[in-house]
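Chemist: I'd like to ask you about the structure that follows.
Number of protein chains: 2
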Amino acid sequence: MDKLEKYRQLIKNILTEHAQIATTTDQVKAELIFDTEHDHYQLNYVGWQGDKRIFGPVMHFDIEDGKIWIQYNGTEEEIATHLVEMGVPPADIVIGFHSPFKRQFTRYAIV
Amino acid sequence: MDKLEKYRQLIKNILTEHAQIATTTDQVKAELIFDTEHDHYQLNYVGWQGDKRIFGPVMHFDIEDGKIWIQYNGTEEEIATHLVEMGVPPADIVIGFHSPFKRQFTRYAIV
């Protein structure tokens, strides 16, 4: 499998796993959003909890220039570590929610 | 064009127009996320404005059971009205961010 296809599959697996363990009800759904053309991937919650509106991404990844950008992670899972364990080199991972300045002090890519 | 294809195209057009008028910079991008398999559609901003993190959906649509769900609208545009003007019957539009109770008092669908 070529690198990009592998990265896409890894990301889809992570999001799908989280969607499955998510507490969903008739009123709140976990939406898997996979755009393989623009390479944007998101897990999003949508619905109502009683009279409270629920809407918001839980995790969001992009793939750009062959690198995985972790743009948002609302879970306790250390996704970058998880990706490395699954064979992604740290140089192919960008922690988008860390400032570019901060990124230089990590083992991951800056851009 | 069949109804679903037409609805998909309308939604993509609305999001694409908004992405184009969006103020983006090298640091902040407007992401179009089109998942035509699960029928989730989103415009999302991602990046950094100086040392401030920018991340969040601006508009989000779903198509479910032949109806367009407006799940989130962070713009001033009255999207439901706009959809009706483009030929979508109000009975095929659900304002997801209105509570199910409130929806019965509008011209749009409840579910």
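Those protein sequences? They're chains C and G, same order as listed. Residues in the first sequence are numbered consecutively from -8, following this note's numbering. Residues in the second sequence are numbered consecutively from -8, following this note's numbering. Glycine included, each C-beta is placed from N, C-alpha and C at the ideal position.
#1: What residues are listed by DSSP as bridge partners for N35/G?
#2: Is A117/G helix, strand or coil by DSSP?
#3: Classify N35/C: buried if its beta carbon has 16 or more other beta carbons within 10 angstroms, exposed otherwise.
#4: Examine chain C for any beta-carbon lying closer than 8 Å to the beta-carbon of L74/G, and answer yes or no.
#5: Is the beta carbon of H29/G closer than 8 Å to that of E22/C?
#6: On the CB-based measure, 16 or more other CB atoms within 10 Å of its CB, does H31/G come out buried or exposed?
#7: List, in order along the chain, the chain C residues whose C-beta lies closer than 9 Å to that of F46/G?
#8: Taking its Cβ as the centre, do 16 or more other Cβ atoms sit within 10 Å of V85/G, making it buried, or is it exposed?
#9: Assign H73/G to one of two classes, buried (16 or more other C-beta atoms within 10 Å of its C-beta) or exposed (fewer than that).
#10: Find the residues of chain G that neighbour F25/C, judging by a C-beta separation of less than 8 Å, and give them in chain order.
#11: Note the first and the last residue of the continuous beta strand (DSSP E) segment covering Y63/C.
#12: Judging by CA-CA distance, which residue of K93/C, V102/C, T66/C is the nearest neighbour of I12/C?
#13: Step through the CB atoms of chain G and report whether any lies within less than 8 Å of the CB of V37/C.
#14: What are the boundary residues of the beta strand (DSSP E) that includes I12/G?
#15: By the 10 Å Cβ neighbour count, where 16 or more other Cβ atoms means buried, how is Q40/C classified, buried or exposed?
#16: List, in chain order, every chain G residue whose beta-carbon is nearer than 7 Å to that of D42/C.
#17: Answer yes or no: do F52/G and Q62/G have a C-beta to C-beta separation smaller than 8 Å?
#18: CB-CB under 6 Å to W60/G, same chain, minus the five flanking residues each way: which ones, in chain order?
Modeler: The answer reads as follows:
#1: For N35/G, the beta-bridge partners assigned by DSSP are E22/G, P48/G.
#2: Since the first residue of chain G shown is -8 and the last is 102, residue 117/G is not available in this structure.
#3: With 16 or more other Cβ atoms within 10 Å, it is buried.
#4: Chain C, which has no Cβ nearer than 8 Å to the Cβ of L74/G, makes this no.
#5: A Cβ-Cβ contact shorter than 8 Å links E22/C with H29/G.
#6: Its Cβ being crowded by 16 or more others within 10 Å, H31/G is buried.
#7: Per Cβ cutoff of 9 Å: P48, H51, Q62, Y63, G87, F88.
#8: Residue burial is scored here from C-beta neighbours: V85/G has at least 16 other C-beta atoms within 10 angstroms and is therefore classed as buried.
#9: Classification of H73/G: exposed, given that the 10 Å Cβ count is below 16.
#10: Below the 8 Å Cβ cutoff, chain G contributes D26, E28, H29 as neighbours of F25/C, in chain order.
#11: Its beta strand (DSSP E) spans residues 58 to 64.
#12: In this structure, T66/C is the residue among K93/C, V102/C, T66/C with its C-alpha nearest to the C-alpha of I12/C.
#13: Interface residue, yes.
#14: Counting along the chain, no beta strand (DSSP E) covers I12/G; the unbroken alpha helix (DSSP H) around it starts and ends at -6 to 12.
#15: Counting Cβ neighbours within 10 Å, Q40/C comes out exposed, since fewer than 16 surround it.
#16: Residues of chain G passing the Cβ test: S90.
#17: In contact: F52/G and Q62/G (Cβ atoms closer than 8 Å).
#18: Excluding residues within five positions, the ones whose Cβ falls inside 6 Å are D53, V85, G87.
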